[in-house]
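Colleague: Chains as they are written, first to last, in the numbering used here: chain A, 1 to 192; chain B, 193 to 212. Cβ coordinates follow ideal geometry from the N, Cα and C atoms, glycine included. Would you mind keeping the following structure in view while I ask a few things?
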Amino acid sequence: SAVANPEQYIKHPLQNRWALWYFKNDKSKSWTENLRLIAKFDTVEDFWALYNHIQQPSKLGYGCDYCLFKDGIKPMWEDDRNKLGGRWLMTLNKQQRHNDLDRYWMETLLCLIGESFDEASDDVCGAVVNVRPKGDKLAIWTGNCQNRDAIMTIGQQYKERLNIPSKALIGYQSHDDTSSKSGSTTKNMYTV
Amino acid sequence: GKKQYNRDFLLSFQFMPACV
Chain A
1 SAVANPEQYI KHPLQNRWAL WYFKNDKSKS WTENLRLIAK FDTVEDFWAL
51 YNHIQQPSKL GYGCDYCLFK DGIKPMWEDD RNKLGGRWLM TLNKQQRHND
101 LDRYWMETLL CLIGESFDEA SDDVCGAVVN VRPKGDKLAI WTGNCQNRDA
151 IMTIGQQYKE RLNIPSKALI GYQSHDDTSS KSGSTTKNMY TV
Chain B
193 GKKQYNRDFL LSFQFMPACV
């Protein structure tokens with residue numbers, strides 16, 4: 001009589017439970033009304049069940065976002081776990097919607113759920129993809145813009161995972177600076 | 193310790209049959 005192998009029937013637990021949110025830009029509704037929780041998951045298997053079931057970012061309409069955040073953190077600056085933080089921001093050109101967007105977003109998700117940034121993963125709050133006519137954006141949000149070491153570790157490893165050439169710089173901006181900016185650009189606190 | 197999964201391990205589950 002065989003002993004069952006747990007590998008065959010136990011799902012693989014993630015370090016964190018994650019929540020996937022969807023934002024659809026309906027101008028007749030408020031920002032918070034447009035933000036919907038899709039589902040939460042905390043195993044590798046349940047992540048793929050969800051990922052394989054939903055549209056890729058390149059298929060979303062303009063003004064739509066996906067946000068993947070640790071359970072309990074809302075995908076907004078105002079959340080207590082975000083308000084002192086900031087984001088590594090990647091701005092894509094129009095051509096990259098077809099070439100890179102979906103692949104980059106999947107890599108971003110795998111970095112988060114796999115805790116790819118080692119101890120610095122504790123600083124990660126979530127990730128956001130914005131689908132916009134001028135160019136799509138990808139970001140990893142972290143909880144405290146003063147945690148330089150963790151932020152630099154995340155930025156360097158993220159850039160490596162996405163195969164971004166080393167001469168192409170990406171910047172980290174605090175949410176405080178982003179929310180209070182007067183022009184169209186926000187200053188970078190860090191770059192890699 | 194932290195439950196870390198590398199990219200290839202995670203990808204190997206994308207098209208697995210559902211758990212029974």
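Taking the alpha-carbon positions, what's the Lys94(A) to Trp88(A) distance?
Modeller: Answer to the nearest angstrom: the Cα atoms are 20 Å apart.
Colleague: Evaluate Val3(A) with the Cβ neighbour count: other Cβ atoms within 10 Å of its Cβ, from every protein chain shown; 16 or more gives buried, anything less gives exposed.
Modeller: Burial call: exposed.
Colleague: Is the CB-CB distance between Arg161(A) and Cys125(A) below 7 Å?
Modeller: In this structure, Cys125(A) does not lie closer than 7 Å to Arg161(A) by Cβ.
Colleague: Give the single residue among Tyr158(A), Ala49(A), Arg81(A), Tyr172(A) whose Cα lies nearest to the Cα of Leu203(B).
Modeller: Answer by Cα proximity: Ala49(A).
Colleague: Let me know if Ala127(A) comes out buried or exposed under the rule of 16 or more other beta-carbons within 10 Å of its beta-carbon.
Modeller: It is buried - the Cβ of Ala127(A) has at least 16 other Cβ atoms within 10 Å.
Colleague: Can you give me the Cβ contacts of Ile140(A) inside the same chain, cut-off strictly under 7 Å, excluding the 5 residues immediately before and after it?
Modeller: Answer for Ile140(A): Arg87, Trp88, Thr108, Val124, Ala127, Ile154, Tyr158, listed in chain order.
Colleague: I'd like the span of the alpha helix (DSSP H) that includes Asp194(A), first residue to last.
Modeller: One cannot answer for residue 194(A) here, as it falls past the ends of chain A, which runs 1 to 192.
Colleague: At least one CB of chain D closer than 7 Å to the CB of Trp105(A): is that the case?
Modeller: Annotation note: the requested chain D is absent from the structure, which comprises protein chains A and B.
Colleague: Should Lys181(A) be labelled buried (16 or more other beta-carbon atoms within 10 Å of its own) or exposed?
Modeller: Result: exposed.
Colleague: Can you give me the start and stop residues for the alpha helix (DSSP H) that Cys111(A) sits inside?
Modeller: Here the alpha helix (DSSP H) through Cys111(A) covers 101-113.
Colleague: Go through its chain and collect everything with a Cβ distance to His223(A)'s Cβ below 7 Å, but skip five positions before and after it.
Modeller: Residue numbering for chain A in the displayed model covers 1 to 192; residue 223(A) lies beyond these limits and cannot be assessed.
Colleague: Apart from the five residues on each side of it in sequence, which residues of its chain come closer than 8 Å, Cβ to Cβ, to Lys40(A)?
Modeller: Closer than 8 Å at Cβ, skipping near neighbours: Arg17, Trp18, Ala19, Leu20, Asp71.
Colleague: So, with DSSP's three-state summary, where would you put Thr185(A)?
Modeller: Three-state DSSP puts Thr185(A) in coil, outside helix and strand.
Colleague: From the DSSP output, in three-state form, read off Lys74(A) for me.
Modeller: If DSSP states are grouped into helix, strand and coil, Lys74(A) belongs with coil.
Colleague: Tell me, to the nearest whole angstrom, how far the beta carbon of Gly135(A) is from that of Thr91(A); I am working on the premise that it is less than 8 Å.
Modeller: Yes, Gly135(A) and Thr91(A) are in contact; Cβ-Cβ is about 6 Å, under 8 Å.
Colleague: Look up Asp42(A) in the DSSP assignment and say whether it is helix, strand or coil.
Modeller: Note: Asp42(A) maps to strand in three-state DSSP.
Colleague: Buried or exposed: where does Asp149(A) fall if 16 or more other Cβ atoms within 10 Å of its Cβ makes it buried?
Modeller: By the 10 Å Cβ count, Asp149(A) comes out exposed.
Colleague: Against Asp110(A), what residues of chain B qualify as contacts under a CB-to-CB distance less than 7 Å, listed in chain order?
Modeller: Contrary to the premise, residue 110(A) reads as Leu rather than Asp in this sequence. Arg199, Leu202, listed in chain order.
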